[in-house]
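This report concerns only the one structure given below.
Protein chains in written order, with the working numbering: chain A, 1 to 422; chain B, 423 to 844.
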């Protein structure tokens, strides 16, 4: 099935927010046999929105509209969809009850000032639609099944805020399509680190091109690559895992050393979970990354169990006074060197009394290059009671990319260390 | 003039990247009299792209296409635009020369493997177009002026990568429209911190609704709000600053205490520049923000001049052993308290020997709330030789929002301190 996602909201056309709802759904839709062919963004204007809906109904089977379900005058999505499809809007008293209850629950914490009259608008939905409850806000979503010029179309209305849309999409929309389609679909995600997109593709090009079931789709995002492997199967008759197994075996054989998860989770989460489950305490000494590594790891709730903290040492004085890097090392090899990285890692490990110390020192740019060390040169150190090592990297790209790639590599070094522990 | 932005690329439809190019241009276009009415995303498919271009030419005066200018088979934007408009593609030898030169320059640093044949594709552009040089990549952009059914349309092709698109847009596209339009337009941005979007709007609603020249447009993004004030003026006859002045005076009178810049720059950049220009050395002690504050400040190049580093103290042991917070304070008031924040700020200032020490300690959630302190409670400390203070906040929202808002407030405290210094 072909889908189009229409985001309704003038704030998107003013560049205030990115259309992350569209990215989110585009990534997840193929799991349930729906493929996104178009994204459209249009403002809060009935005429222009109606035109966009008509265009979408011609070129897609599934039309998803996000935003514009709220109680204000600017919220026009339900009204416009009903008008285009020739449907009445029907009052749902239970929705109004839920809205009142929602406000009662959260009123304890926040000041809320809403007019009762405009709330009534929240309870009108196109006749015959399936209401999708909103557990994180006031406006429910809905699914409309409708014939347009003899063709069966599905029109889905979802709230704009990502924290409302994402759980609603996961809990109701995915299941709706999974139950609707004849065949079953099961996806496995293989997340990888340490291999580029084109290198990964060349390693598996022979199977990607000949493969029809399961299918293999590569993704790449900010230093990490991923494969989505999707099996189609006859419900109740075939076991999707048996269809997936031969191809997963081949992928593991060829790419196993890079695969860090068979779920769609980020490297920092995998590393954090490993550290927590094995109770490995860590501390960081950061120079060029300036706290980014610590920030990434502490983004994972519960990590305080094993992460004690870090020292951001942005100057040579601090490297010496706090991390106990020797003045001789700094003078002889420089702050960006294998030797300094090692002493930083050891210094923070001893200061924070952790099992592992990790350090990053490098030249993030745009300036700072020296004769033998270009912008992008980074050293990552790892120190334990047994040994202290350092790795050299040269990253391309701007300041932000050099810093981010340094952190990903440090997380991976930490992950490999945790894996090596029984 | 009405504009539509068409992003071409299957990776957008797979949810791999957000359409940040569209947000960027949507925000900047009004400065030169162009208003964005639609965003469209379509895959690398000639038929579907041609259809989208035809729709856009009907409903917009300016059609911007991003992506698909590269040398591969998948790059189809130039070919499809030429076909739709009935234009030939013309070979530009000077573009090929530039491409060769570009690769020679960067070959020193990276391994590049490209086929000479496909590079030729980079040098073909629609006849009669204005070529826009690309100083950050290989594919130039272009501007085509063309009559479609009697109406004058402008079609602009830009490369997809943001680091190529943004400077090209700033350097060429903005000026193209500014020189084209009869009247002049001048915009001033007022960036604010410490006031919410709706509070700001209510303070100025009387002038926003009656104002026609200059116009006032509010923006809000992640904890900061902004007003764009735009004056229209007759070129060579009127001084736009005189048109802007009366309204800017009123805005400063009503909102002055919140305004931190009259340019479109982030709070961290304003704070960093102030610290650097006044040579105020700083260090941070971070608990719940886990390094995020340090990461934000070190995102500004050159900051190592005044930022010495920070201590991320994620455990009570480290607060005691490294930051010298007294065990008694932690026991009596807890790690999340005014007293601990003060001792952390003072501790890092003394350890790093800086003029100012800033600390953040709080409950970022989702768990961690205690009887008298909810999730979102944060204390920010500031310590100088003269005095040590602490501020209490209660932020709503998820873990990421609590952490980010804590950092913004810390940056603002630091900014106000720097301002207070002569």
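C-beta atoms are modelled at their ideal positions from N, C-alpha and C, and glycine is treated no differently.
Query	Result
Touch test, the segment 585 to 596 of chain B against the segment 664 to 671 of chain B, Cβ-Cβ under 8 Å, three pairs minimum	no
Residue 556/B classed as buried or exposed, judged by whether at least 16 other C-beta atoms fall within 10 angstroms	buried
Cα-Cα separation, residue 615/B to residue 180/A	49 Å
Span separating the alpha-carbon of residue 519/B from that of residue 501/B	21 Å
For residue 35/A, the nearest candidate out of 216/A, 50/A, 1/A, 391/A (CA to CA)	1/A
Residues in the segment 304 to 326 of chain A having any Cβ partner in chain B nearer than 9 Å	304, 307, 308, 309, 310, 311, 312, 313, 314, 315, 317, 318, 319, 321, 322
CB contact below 8 Å: residue 9/A versus chain B	no
Supposed contact pair residue 227/A and residue 423/A - C-beta distance, whole angstroms, cut 8 Å	Limits of chain A in this structure are 1 at one end and 422 at the other, which puts residue 423/A out of reach.
Short Cβ contact (8 Å threshold) for residue 478/B with residue 462/B	yes
Validate contact between the segment 294 to 308 of chain A and the segment 756 to 765 of chain B using beta carbons, cut 8 Å, 3 pairs	no
Residue 502/B in three-state terms, based on DSSP	helix
Best match in 354/A, 352/A, 324/A for proximity to residue 342/A [C-alpha to C-alpha]	324/A
Beta-ladder partner(s) of residue 152/A, from DSSP	147/A
Span separating the alpha-carbon of residue 445/B from that of residue 10/A	12 Å
Range covered by the beta strand (DSSP E) that runs through residue 425/B	424 to 430
For residue 674/B, the first and last residue of its enclosing alpha helix (DSSP H)	662 to 677
Candidates 16/A, 271/A, 153/A, 258/A: closest to residue 84/A by CA position	153/A
Buried versus exposed call for residue 486/B [16 or more other C-beta atoms within 10 Å across all chains shown]	buried
Cα-Cα separation between residue 470/B and residue 579/B, rounded to whole angstroms	17 Å
Proximity of residue 499/B and residue 511/B at Cβ, strictly below 8 Å	no
Environment of residue 150/A [buried if 16+ CB atoms lie within 10 Å]	exposed
CB-CB length for residue 786/B against residue 696/B, believed under 8 Å	Not confirmed; about 27 Å, so no contact.
In DSSP terms, what residue 461/B is bridged to	41/A, 427/B
Cα-Cα separation, residue 824/B to residue 103/A	22 Å
Residue span of the beta strand (DSSP E) that contains residue 655/B, given as start and end	646 to 656
Separation of residue 190/A from residue 264/A, as counted between CA atoms	7 Å
Contacting residues, own chain, Cβ-Cβ under 8 Å from residue 286/A (five flanking each side not counted)	292, 293, 294, 310, 311, 312, 313, 359, 360
As assigned by DSSP and simplified to three states, the class of residue 193/A	coil
Anticipated Cβ contact below 8 Å, residue 390/A with residue 379/A, distance rounded	5 Å
Cβ-based contacts, 8 Å cut-off: residues of the segment 629 to 648 of chain B near chain A	639, 641, 642, 643
Within 8 Å, strictly: CB atoms of residue 270/A and residue 261/A	yes
Proximal residues of chain B, C-beta to C-beta of residue 19/A below 9 Å	440, 441, 444, 445, 461, 463
DSSP state of residue 426/A mapped onto helix, strand, coil	This structure cannot speak to residue 426/A, because chain A is shown only from 1 to 422.
Environment of residue 249/A [buried if 16+ CB atoms lie within 10 Å]	exposed
Inter-residue spacing [alpha-carbon to alpha-carbon] between residue 465/B and residue 618/B	38 Å
Local conformation of residue 749/B per DSSP, three classes	helix
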